[in-house]
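Student: As you go down the protein sequences, you meet chains A and B in turn. With our numbering, the residue at position 60 of the first sequence is 60, and numbering never jumps. Remember, our numbering sits 1000 above the position in the second sequence when you count from 1. Just dropping this structure here.
2 protein chains.
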Amino acid sequence: MPAGGGAARAEQIATLEGLAHERLVSPHIESLLNEWIDPSTGQAAEHWDEPSRSLLRETWRDFSRARKLPSDFVIRLSRECSLAQQAWVTARAESQFSKFLPSLRTILDLKCEETQYLGYRDSPYDALLDTYEPGATVGQLTPLFAQLRARLVPLLKRVQASKVRIDDTCLHHSFDHTKQIEFGRLVLVAMGYDFERGRLDLSAHPFTTSFHPTDVRVTTRVFEKDLPSCLFSCIHEGGHGLYDQGLDPRYYGSPLGESVSLGFHESQSRLWENCVGRSRAFWQCFYPILQHTFPQQLAGVPLDQFYAAINRVTPSLIRVEADELTYNLHIMLRVEIEQALIERRAHPEDLPSLWNDRMEAYLGITPAQDADGVLQDVHWSMGAFGYFPTYTLGNLYSVQFFEQAKLELPQLEEQIAAGQLVPLRHWLEQKIHRWGRMFTPDHLARRVTGNGVTPEPFLRYLEAKYGALYRL
Amino acid sequence: MPAGGGAARAEQIATLEGLAHERLVSPHIESLLNEWIDPSTGQAAEHWDEPSRSLLRETWRDFSRARKLPSDFVIRLSRECSLAQQAWVTARAESQFSKFLPSLRTILDLKCEETQYLGYRDSPYDALLDTYEPGATVGQLTPLFAQLRARLVPLLKRVQASKVRIDDTCLHHSFDHTKQIEFGRLVLVAMGYDFERGRLDLSAHPFTTSFHPTDVRVTTRVFEKDLPSCLFSCIHEGGHGLYDQGLDPRYYGSPLGESVSLGFHESQSRLWENCVGRSRAFWQCFYPILQHTFPQQLAGVPLDQFYAAINRVTPSLIRVEADELTYNLHIMLRVEIEQALIERRAHPEDLPSLWNDRMEAYLGITPAQDADGVLQDVHWSMGAFGYFPTYTLGNLYSVQFFEQAKLELPQLEEQIAAGQLVPLRHWLEQKIHRWGRMFTPDHLARRVTGNGVTPEPFLRYLEAKYGALYRL
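Put into structure tokens, the structure is as follows:
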């Protein structure tokens, strides 16, 4: 969009959001739902088959949440978020938090207003969490993050105290733009990402968007001197793309044709990016191909050295560049801050100092400028308070699912080492993707793994992986 | 879009078209219009001011046309056109007319059905013409095309018989991709195309799209060995872009915020592309810059030779590559064929031979394959029957408007020769762009030039220009 188009786009999006809201809460939909559902419980009668009961339950969820919001509020929120996003772009470019502060106040007030419409039992933050991760609450997340903090912070300290020094200069030579994309494409094909129903393009920030299971689009970005950026963006977004390609097309346009939660979506991208893409097994097959693609840069670098380099731990300022170990510390500080904002225990103007204090406490570093600190993420400008926890949930789920896959696919390690990734994709599709919102997130997690979300497998995985790499 | 996404997109577009149609013909809109307009005449009461009367007249036009079409027909037509477009892509790629024929039959049947809904006095083709060029009829176009044919075909013969041979090899050396785009951008800036409210990007086929006067986007394409392609695409689409940027933002979202007709829109692109961009005056200023950009290729080519090269006349197979003289012969054959199809005087299966016969008659050449003949344009697959005449109307209008501008801006030639293009843009904005649909196309043409559309100025312009170039 040209810079001058921002105000018009805000109106256009607000109009569309308003129309969609108006249709969802229309008397016609209400009378249909009242006919089929007991409005006091949100449950459909027993005589419906299971998919129909799920469809009605999830439609009722969407309807009853939407009905709590006045249409003019939906329009106002949409317009202000669109405008705030543009203010954030400018503020970040100039690293001027003060330029974002007025928009942030507006958005925060609107989100607090939204929690009042939506209602909550314990914390107003719960009302927002539920938007992205149905069923998630502060009561559930607080002990979960406490467990992570209790073991990640000491683990990081041990890694930093280790005598092992990992050299990753091999990843920062000059790598041809086109060859980087070609290699990313090759990995996507191996993962079973269907290019007949999908694309790979370039963008400033990698993302996945989907219009239908037959039209899924992932993007990556390429830096000449940063091999991991394009590579792991392709794998990460490919994991999202496989979820969207794996949704059941028969349910397209209904809740059953949508992903069950953002935590589940992130679990798919992180499973492929980390459990697969940063594993030794994966590179047994793919490293020789990568060396063949970049012989000058990598021919003399042994597999072990490459594997260590892509798993090097180093506290850094930017979330999207963080390693597996420090990543959740980045999330934790955001969650603590946004929860305090929504509970009105913190003030927007104090954000830079709140941010910097926590960076120091968790990661031992402080950003020199707000562009590398509190202004780095787009989420708050979009009104996406309550979104960040889903990244951590995704990380925890990813290890839970991968461990379950290893149990059910005894040959999985050997298959990955042989570049055969399709059996894993197939397992994920059968166990997770095709169900859409048929089950609630917690129910689906229990169906797949026997448990709800839990940090233990993730922490064990990190402790084992980095214990070995850093000889702890 | 990935290839597999076609069917889903057809449903999505059909759904949106259906919803938009449903809203436009809703009882709410009808009762409002009935309150403000005399439905027997479509006129608003005298007490409204002029913009309001125009707004009501044009809203009534859109409403009453839409109301004649059943919603399920709108949805069916939209879906089939979306699918047919994809069939056309394949058929053209393989140059297999037979692969497009079934879709063409479907679309033709639907368009004939549409003419019955819309109604017409003389020819069913009138009903479709009016979609793109309000007020245009076969009765008006037939003598107009006859005049063009009567003078263009002999003019082409004289050009071909001329002893002057124009050499355009200077345009087909190797030209750097980035520098071509940079030069196109430079010309757009000089034209007054506002990059704060506009973009320039690349696409397979150049086009202009607009979401608001503050968000207008033009595209071009670049061929290393074809300098005119990127250059004149930029200027042509820039002409469209200036129209869209010049619409009055106060009327956005209403008929008064829309262009008055496709013929007028094309007049803007052709005025800039041909009357300005292929004129000697324009290159007096811009040729030295172009030479400076491509010194190796152009330093030794005098301005006169370059000017002749970009105006070389040669009968060719592809419309979008045609010179100014032969362009309307391409249009003429399409208009004759599509009118015969809609009047059921011709059959879809005979299209390739109808096409090739006329190419031979008007241009003296015959395509070796249907991809370069009857399959070259997307329009019929999109259901856009009645669209082609607007290209010719645009050419005629472009010269009428440019001659009027020269009368009203006595310094225009000198300004163009000095690279000062903004006075012309300003004149077009004041005379045409900002009015949107305030007046009917014919009324607006008369306001600007004192006349409705007429081929005489265009023919005189061509005869003078090519008479001089080819020393006829």
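Think of the CB as a built atom: it goes at the ideal place given N, C-alpha and C, for glycine as much as any other residue.
Taking 8 angstroms as the limit between beta carbons, can you name the residues of its chain near Asp442(A), skipping five residues before and five after?
Tutor: Closer than 8 angstroms at Cβ, skipping near neighbours: Gly135, Gly452, Val453.
Student: Less than 7 angstroms between C-beta atoms, sequence neighbours within five positions excluded: which residues of the same chain meet that for Arg1009(B)?
Tutor: Met1001, Ser1082.
Student: Please say whether Glu1266(B) and Thr1390(B) have beta carbons closer to each other than 8 angstroms?
Tutor: Against a cut-off of 8 angstroms, the Cβ pair of Glu1266(B) and Thr1390(B) comes out as a contact.
Student: Do we get a CB-CB distance below 8 angstroms when we pair Gln12(A) with the residues of chain B?
Tutor: Yes - at least one Cβ of chain B is within 8 angstroms of the one on Gln12(A).
Student: So which residues on chain B does Met191(A) lean against when the C-beta distance must stay under 8 angstroms?
Tutor: Chain B residues near Met191(A): none, gap ~16 angstroms exceeds 8 angstroms.
Student: Measuring straight from C-alpha to C-alpha, what distance separates Leu393(A) and Phe264(A)?
Tutor: The straight-line gap from Cα to Cα measures roughly 8 angstroms.
Student: What whole-angstrom Cβ distance do Lys1068(B) and Tyr1117(B) have, given they're in contact under 8 angstroms?
Tutor: Yes, Lys1068(B) and Tyr1117(B) are in contact; Cβ-Cβ is about 5 angstroms, under 8 angstroms.
Student: Can you pull the chain B residues whose beta carbon is under 9 angstroms from the beta carbon of Phe211(A), in chain order?
Tutor: Residues of chain B passing the Cβ test: Met1001, Gly1005, Ala1008, Arg1009, Gln1012.
Student: Note down, in chain order, all residues in the region 199-229 of chain A with a beta-carbon under 9 angstroms from any beta-carbon belonging to chain B.
Tutor: Within the region 199-229 of chain A, the qualifying residues are Arg199, Phe211, His212, Pro213, Thr214, Asp215, Val216, Arg217.
Student: Let me check understanding here. Comparing Cα to Cα, which of Phe1306(B), Pro1315(B), Ile1337(B) lies closest to Asp1167(B)?
Tutor: Among Phe1306(B), Pro1315(B), Ile1337(B), the Cα nearest to that of Asp1167(B) belongs to Phe1306(B).
Student: Considering Cα atoms alone, identify which of Glu50(A), Ser40(A), Arg312(A) is closest to Val164(A).
Tutor: Ranking the options by Cα distance to Val164(A), first place goes to Arg312(A).
Student: Hey, how far is the Cα of Pro27(A) from the Cα of Ser1026(B)?
Tutor: One C-alpha to the other measures close to 17 angstroms.
Student: Under 8 angstroms between beta-carbons, which chain B residues line up against Glu80(A)? List them in chain order, please.
Tutor: Residues of chain B passing the Cβ test: none, with the nearest at roughly 18 angstroms.
Student: Return yes when the Cβ of Gly1436(B) is within less than 8 angstroms of the Cβ of Leu1247(B), no when it is not.
Tutor: Yes, the pair counts as a contact, with Cβ atoms nearer than the cut-off.
Student: Note down, in chain order, each residue of its chain lying with its Cβ closer than 6 angstroms to the Cβ of Leu1227(B), except the 5 sequence neighbours on either side.
Tutor: Closer than 6 angstroms at Cβ, skipping near neighbours: Leu1171, Phe1175.
Student: Where does the unbroken alpha helix (DSSP H) through Val1074(B) begin, and where does it stop?
Tutor: 1071-1094 is the span of the alpha helix (DSSP H), which, as asked, contains Val1074(B).
Student: Using a C-beta cutoff of 8 angstroms, does Arg1197(B) count as contacting chain D?
Tutor: Absent from the structure is chain D; the protein chains it does hold are A and B.
Student: Under 8 angstroms by Cβ, that's how I've got Gln1245(B) and Arg1199(B) pegged, so tell me the actual separation to the nearest angstrom.
Tutor: Wrong, their Cβ atoms sit about 11 angstroms apart, outside the cutoff.
Student: Please work out which residues of its chain come closer than 8 angstroms, Cβ to Cβ, to Lys1099(B), disregarding the five sequence neighbours upstream and downstream, and give them in chain order.
Tutor: If we look at Lys1099(B) and ignore the five residues flanking it on each side, its Cβ neighbours are Ala1087, Thr1090, Ala1091.
Student: Who are Gly198(A)'s beta bridge partners in DSSP?
Tutor: The partner list for Gly198(A) (beta bridge, DSSP) reads Val216(A).
Student: Figure out for me which residue from Arg1023(B), Leu1329(B), Thr1115(B) has the closest Cα to the Cα of Leu1341(B).
Tutor: Out of Arg1023(B), Leu1329(B), Thr1115(B), Thr1115(B) has the C-alpha closest to the C-alpha of Leu1341(B).
Student: CA-CA distance, Ser1103(B) and Trp1380(B)?
Tutor: Cα to Cα, Ser1103(B) sits roughly 10 angstroms from Trp1380(B).
Student: Tell me whether Gln296(A) sits in a helix, a strand or coil according to DSSP, three-state version.
Tutor: Helix, per DSSP.
Student: How about Arg23(A) and Leu459(A): do their beta carbons lie closer than 8 angstroms?
Tutor: Against a cut-off of 8 angstroms, the Cβ pair of Leu459(A) and Arg23(A) comes out as no contact.
Student: Could you give the distance in angstroms between the alpha-carbon of Tyr461(A) and the alpha-carbon of Ala44(A)?
Tutor: Computed Cα separation, rounded: 41 angstroms.
Student: Under DSSP, the alpha helix (DSSP H) around Thr137(A) begins and ends at which residues?
Tutor: Per DSSP, Thr137(A) belongs to no alpha helix (DSSP H) and is neither H nor E.
Student: Quick one, which of Arg1105(B), Leu1262(B), Gln1096(B), Pro1206(B) has its alpha-carbon nearest Leu1077(B)'s?
Tutor: Among Arg1105(B), Leu1262(B), Gln1096(B), Pro1206(B), the Cα nearest to that of Leu1077(B) is on Arg1105(B).
Student: Mind listing, in chain order, the continuous alpha helix (DSSP H) runs of no fewer than 4 residues lying wholly within the region 1321-1395 of chain B?
Tutor: Entirely contained in the region 1321-1395 of chain B, the alpha helix (DSSP H) runs reaching 4 residues are, in chain order, 1324-1342, 1351-1363.
Student: Can you name, in chain order, every residue of its own chain whose Cβ lies under 7 angstroms from the Cβ of Leu271(A), other than the five neighbours on each side?
Tutor: Cβ within range, chain order: Gly239, Ser398, Phe401, Phe402.
Student: Please tell me whether Pro1249(B) and Pro1213(B) are closer than 8 angstroms, where the distance is taken between their beta carbons.
Tutor: For Pro1249(B) and Pro1213(B), yes; Cβs fall inside 8 angstroms.
Student: Buried or exposed, going by whether 16 or more other CB atoms sit within 10 Å of the CB of Ser1054(B)?
Tutor: When all chains shown are included, Ser1054(B) counts as buried.
Student: Which word fits Ala384(A), buried or exposed, when buried means at least 16 other C-beta atoms lie within 10 angstroms of its C-beta?
Tutor: Its Cβ being crowded by 16 or more others within 10 Å, Ala384(A) is buried.
Student: Work out the CA separation of Asp370(A) and Arg471(A) for me, nearest whole Å.
Tutor: Distance between the alpha carbons of Arg471(A) and Asp370(A) is about 36 angstroms.
Student: Compare the beta carbon distance of Asp1372(B) and Ile1331(B) with 8 angstroms and say whether it is the shorter of the two.
Tutor: For Asp1372(B) and Ile1331(B), no; Cβs fall outside 8 angstroms.
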